[in-house]
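**Q** Using the numbering used here, the first residue of the sequence shown is number 886, and each one after it goes up by one. The beta carbon of each residue, even a glycine, is placed where N, CA and C say it ideally should be. The structure presented is a predicted model; accordingly, all values stated were derived computationally and were not measured.
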Amino acid sequence: MAATTHIESDGVSQGEGSTATGIGALPAELLLEIFRHCVAYESLSVLILHNVSWWWRDLIETSPSLWKVIALRDSAHMVADRRAAIWAERCKAPNYDVELNIGDPDNILPLLSPLLQSIDRWKKLRLRGKQDAEIAVDELGLTSDTLTHLHLCLYDYEQSDVEDDPKITFSSISPEGDPNYALSLWVTRVPSPKTFVPLRFVHVTIAEGGITGLHTQPKYILEFLSACPELESFFFCGWHHDGRITRPLPVVSLPNLVTLHLKSTCFARALLSSIHAPNLQNLFLSHLNVNFQLHTEPYEVGDSEDEAGDYSQSPWSDQATGMGLRKLIHRSNPPIRVLEMDFCDMRTKDFRYVFDRLTQLEDFHIVASDMSDKVMDMLRPIVPPADSEDRTVRLRLPLLRKLRLTNCQRLSGQAIVNALTARVRWTDREFPAWTLVDVTISGCDGFSLLDRAELSLSLGNRLRL
886 MAATTHIESD
896 GVSQGEGSTA
906 TGIGALPAEL
916 LLEIFRHCVA
926 YESLSVLILH
936 NVSWWWRDLI
946 ETSPSLWKVI
956 ALRDSAHMVA
966 DRRAAIWAER
976 CKAPNYDVEL
986 NIGDPDNILP
996 LLSPLLQSID
1006 RWKKLRLRGK
1016 QDAEIAVDEL
1026 GLTSDTLTHL
1036 HLCLYDYEQS
1046 DVEDDPKITF
1056 SSISPEGDPN
1066 YALSLWVTRV
1076 PSPKTFVPLR
1086 FVHVTIAEGG
1096 ITGLHTQPKY
1106 ILEFLSACPE
1116 LESFFFCGWH
1126 HDGRITRPLP
1136 VVSLPNLVTL
1146 HLKSTCFARA
1156 LLSSIHAPNL
1166 QNLFLSHLNV
1176 NFQLHTEPYE
1186 VGDSEDEAGD
1196 YSQSPWSDQA
1206 TGMGLRKLIH
1216 RSNPPIRVLE
1226 MDFCDMRTKD
1236 FRYVFDRLTQ
1246 LEDFHIVASD
1256 MSDKVMDMLR
1266 PIVPPADSED
1276 RTVRLRLPLL
1286 RKLRLTNCQR
1296 LSGQAIVNAL
1306 TARVRWTDRE
1316 FPAWTLVDVT
1326 ISGCDGFSLL
1336 DRAELSLSLG
1346 NRLRL
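1. Select from Val1137, Thr1144, Cys1113 and Ala1092 the residue whose C-alpha is nearest the C-alpha of histidine 1125.
2. Run the CB neighbour count on lysine 1015, radius 10 Å, all protein chains shown included, and call it buried at 16 or more, exposed below.
3. Just the C-alpha distance for arginine 1286 and isoleucine 1053, rounded to the nearest angstrom, thanks.
4. Given this structure, state the Cα-to-Cα distance separating serine 1359 from valine 1137, to the nearest angstrom.
5. When burial is assigned at 16 or more other CB atoms within 10 Å of the CB, is tyrosine 1196 buried or exposed?
6. Work out the CA separation of methionine 1208 and serine 928 for me, nearest whole Å.
7. Got a sec? Which residues, its chain only, sit under 6 Å from methionine 963 by beta carbon, not counting five neighbours each side?
8. To the nearest angstrom, how far is it from the Cα of isoleucine 1130 to the Cα of aspartate 1030?
9. Taking its Cβ as the centre, do 16 or more other Cβ atoms sit within 10 Å of arginine 1279, making it buried, or is it exposed?
10. Give the secondary structure of histidine 1100 by DSSP, where H, G and I count as helix, E and B as strand, and everything else as coil.
11. By the three-class DSSP mapping on this structure, what secondary structure does methionine 1226 have?
12. Quick check: proline 1094 and aspartate 1127, are their CB atoms within less than 7 Å of each other?
13. Measuring CB to CB, does asparagine 1164 end up less than 7 Å from phenylalanine 1228?
14. Nearest-angstrom Cα distance between serine 930 and cysteine 923?
15. If we require 3 or more residues per run, which beta strand (DSSP E) segments fall completely within the segment 1132-1167?
16. Report the residue ranges of all alpha helix (DSSP H) runs contained in full by the segment 975-1006; include only those spanning at least 4 residues, in chain order.
17. Evaluate histidine 1180 with the Cβ neighbour count: other Cβ atoms within 10 Å of its Cβ, from every protein chain shown; 16 or more gives buried, anything less gives exposed.
18. In this structure, how does DSSP classify alanine 1304 when only helix, strand and coil are distinguished?
19. Thinking just about the alpha-carbon of each residue, which of Glu1019, Asn980, Pro999 and Leu1168 is nearest to the one in tryptophan 1007?
20. Apart from the five residues on each side of it in sequence, which residues of its chain come closer than 7 Å, Cβ to Cβ, to proline 1083?
21. Please look up how many angstroms separate the CB atoms of leucine 1039 and leucine 1116, rounded, as I've assumed it's under 8 Å.
22. Looking at glutamate 1108: is its Cβ nearer than 7 Å to the Cβ of proline 1078?
23. Compare the beta carbon distance of valine 1324 and leucine 1296 with 7 Å and say whether it is the shorter of the two.
24. In this structure, how does DSSP classify glutamate 1043 when only helix, strand and coil are distinguished?
25. I'd like to know whether the C-beta atoms of alanine 1193 and aspartate 1258 end up nearer to each other than 7 Å.
26. Tell me the DSSP secondary structure of alanine 965 in three-state form.
27. Name the DSSP bridge partner or partners of alanine 1021?
28. At which residues does the alpha helix (DSSP H) containing alanine 1205 begin and terminate?
29. I need the boundaries of the alpha helix (DSSP H) containing cysteine 923, first residue and last residue.
30. Under 8 Å, with one C-beta from each stretch per pair, do the segment 1253-1267 and the segment 1303-1320 reach the 3-pair mark?
31. Count the other CB atoms within 10 Å of the CB of proline 1103; is the residue buried (16 or more) or exposed (fewer)?
32. Identify which residue in Pro1220, Thr1244, Asp1272 and Val1260 has its Cα closest to the Cα of arginine 1237.
33. Within a Cβ cutoff of 6 Å, which residues of the same chain sit near threonine 1312, ignoring the five residues on either side of it in sequence?
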């Protein structure tokens, strides 16, 4: 009678009463040699071989030599290369090399993202492509906890004459013993979160390429940030260009964001209006003023003309900044403690809206603002009318301790003296723990030596030179 055939648990076909035949009969040493050839051709094939049978699985898991190099290609589909995360998890070798065969530097982060959690096990990172590079990662002492910063620099490789342009670097955040490191990537576009796994970076910087370089869109920035759930600090350095904004914009929740810095961009309103940051404490707005008209945004409450009619050299960006701040405050009610506005301005009614709501603000610094005496007057105590039944005195920015006014040329010296004198006299008496302790007024032409002397009578040495 012919022997019947069945499949054993190791996946090898055998006949009843017969000895094992075919590949299942090969000795372990020969099988491992075959596996090594497979892995040399395609490193991720170890995952496929691992799943063939329990015998092969045990053989592979006890053979660290099969797990020494993981080679990834950007010609493969990005989702498929997420198998790298499984590979790193099951790899029994204590350390391994990572090899990227790339033609497009934009694919570096998507390819590496599944492996960043195990970066402490990397030995060498090799780049293969138009030019080769090698980084001895194991000599840096990196871990997933010390790789805290990500820098994305938009870079036009086609316009560069340098053949060995940098694509990726690892660098220490501080030469003075700070153990944290930054991963810097030069890319032509902000990566889409559809192409990589969520990132654990707590500090992210995105920089546009300048006047002749590459630009991005708020939509792509926001989508990228949505894949950084542990983000605590974000810095965007752009370039003033008046292109239309791609819509709709997603609203991104960043519950751990503490510090936000926007510099040299016309995207301030779009970004501020689309971020939910309930724990934001430090807000830095730099070089946002422009003297050209920005593209019209969808109308929102507050978009009407500034009823104060105050002069401004940058009315369109003033409105954009003010409306962005309004939306951020309305959505998140953040406990902002530090607000710095450097060559960044708002309309008078935006200052009023912001000052009325930033009840936790302790440090306010503004540079080169066209704000008028009306804004300065908002810092006075608000005394109710004599015939009012409610005798409660109100104070905007009640926790303000540090005030710096720099190159604010529309302010008169008398307005500064009157507002700050009234404020400190009242707070010194009623709330001495939350009175002004540090005031700097510099480069304000309307603030004369006589004004300084008069204000010193109330502030004393709290008025800095």
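**A** Inspection of the coordinates gives the following:
1. If you number the sequence shown from 1, residue 1125 lands on position 240. Residue Ala1092 is the option with its Cα nearest to histidine 1125.
2. Counting from 1 along the sequence shown, the entry for residue 1015 is found at position 130. Its Cβ having fewer than 16 others within 10 Å, lysine 1015 is exposed.
3. Against the sequence shown, residue 1286 aligns to sequence position 401. Against the sequence shown, residue 1053 aligns to sequence position 168. Roughly 43 Å between the two C-alpha positions.
4. Missing from the structure shown is residue 1359; the chain here goes from 886 to 1350 and no further.
5. Within the sequence shown, the letter at position 311 stands for residue 1196. The residue is exposed, with fewer than 16 neighbouring Cβ atoms inside 10 Å.
6. In the sequence shown, residue 928 corresponds to position 43, counting from 1. In the sequence shown, residue 1208 corresponds to position 323, counting from 1. Taking the straight line joining both Cα atoms gives about 52 Å.
7. Start at 1 with the first residue of the sequence shown, and residue 963 comes out as number 78. In this prediction, methionine 963 scores a pLDDT of 48, lower than 50, which makes its location untrustworthy; the coordinate-derived value is nonetheless stated afterwards. Cβ within range, chain order: Pro995 and Thr1080.
8. For the purposes of this step, residue 1130 is identified with residue 245 of the sequence shown, where counting begins at 1. For the purposes of this step, residue 1030 is identified with residue 145 of the sequence shown, where counting begins at 1. Approximately 36 Å between the Cα atoms of the pair.
9. Counting from one through the sequence shown, the residue named residue 1279 turns up at place 394. So arginine 1279 ends up on the exposed side.
10. Taking the sequence shown and counting its residues from 1, one reaches residue 1100 at position 215. Three-state DSSP puts histidine 1100 in coil, outside helix and strand.
11. Your numbering for residue 1226 matches position 341 in the sequence shown. Looking at methionine 1226 - three-state DSSP - the assignment turns out to be strand.
12. Translated into the one-based positions of the sequence shown, residue 1094 becomes position 209. Translated into the one-based positions of the sequence shown, residue 1127 becomes position 242. The amino acid at residue 1094 is misidentified as proline; the sequence shows glycine. Contact flag unset, no.
13. Residue numbering aside, residue 1164 sits at position 279 when the sequence shown is read from its first letter. Residue numbering aside, residue 1228 sits at position 343 when the sequence shown is read from its first letter. Contact: no.
14. Looking up residue 930 in the sequence shown gives position 45. Looking up residue 923 in the sequence shown gives position 38. Taking the straight line joining both Cα atoms gives about 7 Å.
15. 1144-1148
16. 993-997
17. If you number the sequence shown from 1, residue 1180 lands on position 295. Exposed.
18. Sequence index remark: in the sequence shown, residue 1304 carries index 419 (1-based). Of the three classes helix, strand and coil, the one that applies to alanine 1304 here is helix, per DSSP.
19. Counted from its first residue, the sequence shown places residue 1007 at position 122. That would be Asn980, whose Cα lies nearest to the Cα of tryptophan 1007.
20. Position 198 of the sequence shown, counted from the first residue, corresponds to residue 1083. So the qualifying residues of the chain are Ala1112 and Pro1114.
21. Taking the sequence shown and counting its residues from 1, the one referred to as residue 1039 is at position 154. Taking the sequence shown and counting its residues from 1, the one referred to as residue 1116 is at position 231. Contact flag wrong, Cβ pair sits at about 19 Å.
22. Taking the sequence shown and counting its residues from 1, the one referred to as residue 1108 is at position 223. Taking the sequence shown and counting its residues from 1, the one referred to as residue 1078 is at position 193. The answer is yes: Cβ separation under 7 Å.
23. Here residue 1324 refers to the residue found at position 439 when the sequence shown is read from its first residue. Here residue 1296 refers to the residue found at position 411 when the sequence shown is read from its first residue. No. Outside cutoff.
24. Reading the sequence shown from its first residue, position 158 is the one you call residue 1043. Helix at glutamate 1043.
25. Counting from 1 along the sequence shown, the entry for residue 1193 is found at position 308. Counting from 1 along the sequence shown, the entry for residue 1258 is found at position 373. No, these two residues do not count as a Cβ contact at 7 Å.
26. Here residue 965 refers to the residue found at position 80 when the sequence shown is read from its first residue. Residue placement at alanine 965 cannot be trusted, given a pLDDT of 46 that sits under 50; the coordinates are not used to answer.
27. Looking up residue 1021 in the sequence shown gives position 136. Paired residues: Lys1009.
28. Stepping through the sequence shown from its first residue, residue 1205 is reached at position 320. Note, alanine 1205: alpha helix (DSSP H), 1200-1217.
29. Here residue 923 is taken as the residue at index 38 of the sequence shown, counted from 1. Where cysteine 923 is concerned, the enclosing alpha helix (DSSP H) stretches over 913-926.
30. yes
31. Your numbering for residue 1103 matches position 218 in the sequence shown. Flag for proline 1103 reads buried.
32. The residue given as residue 1237 occupies position 352 in the sequence shown. The shortest Cα separation from arginine 1237 among Pro1220, Thr1244, Asp1272 and Val1260 belongs to Val1260.
33. As a first step, residue 1312 must be located in the sequence shown, where it is residue number 427. For threonine 1312, where only same-chain residues beyond five positions count, the Cβ hits under 6 Å are Thr1320.
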